[in-house]
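Each remark here refers to the structure printed beneath this line.
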Amino acid sequence: MYRLRTSFVAPIWKYIKFLDITRQAADLERQSAFQEAGELWNKALFVARRDANAEYCRHRAEFCLSSMFTRSSQVY
41 MYRLRTSFVA PIWKYIKFLD ITRQAADLER QSAFQEAGEL WNKALFVARR
91 DANAEYCRHR AEFCLSSMFT RSSQVY
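Okay, so the sequence shown: first residue is 41 according to the working numbering, each after it adds one.
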């Protein structure tokens with residue numbers, strides 16, 4: 041008799057989407073586009089499957105969005 045699988049496995053597209061978003065966010069950080077990178081890290085936070093990945097994304101977003109480079113009133 042066939043048994044239904046009881047554990048949930050996230051679809052592969054979510055994992056691929058997570059990798060794409062995080063790679064793009066990291067690239068934007070390297071280009072000093074911190075505002076856009078922070079927004080992507082926040083987006084990645086909600087598609088992360090593991091708590092450690094979600095926590096990392098939260099920290100990166102926090103860093104990027106609070107970076108001195110995102111403040112419009114910063115005097116150089």
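Note that CB positions come from ideal geometry on N, CA and C, so glycine has one too.
Going by other Cβ atoms of all chains shown within 10 Å of its Cβ, with 16 needed for buried, is residue i buried or exposed?
i	result
A101	buried
E69	buried
F74	buried
Y116	Because the pLDDT of Y116 is 45, which lies under 50, any placement of that residue in the model is unreliable, and the number read from its coordinates should be weighed accordingly. Burial call: exposed.
Where do the N-terminal and C-terminal ends of the alpha helix (DSSP H) with residue i fall, by residue?
i	result
R90	Where R90 is concerned, there is no enclosing alpha helix (DSSP H), given that its DSSP letter is neither H nor E.
So, using beta-carbon positions, are residue i and residue j closer together than 8 Å?
i	j	result
A84	F58	yes
L80	I61	yes
A77	A92	no
Tell me the rounded alpha-carbon separation between residue i and residue j.
i	j	result
F86	S107	21 Å
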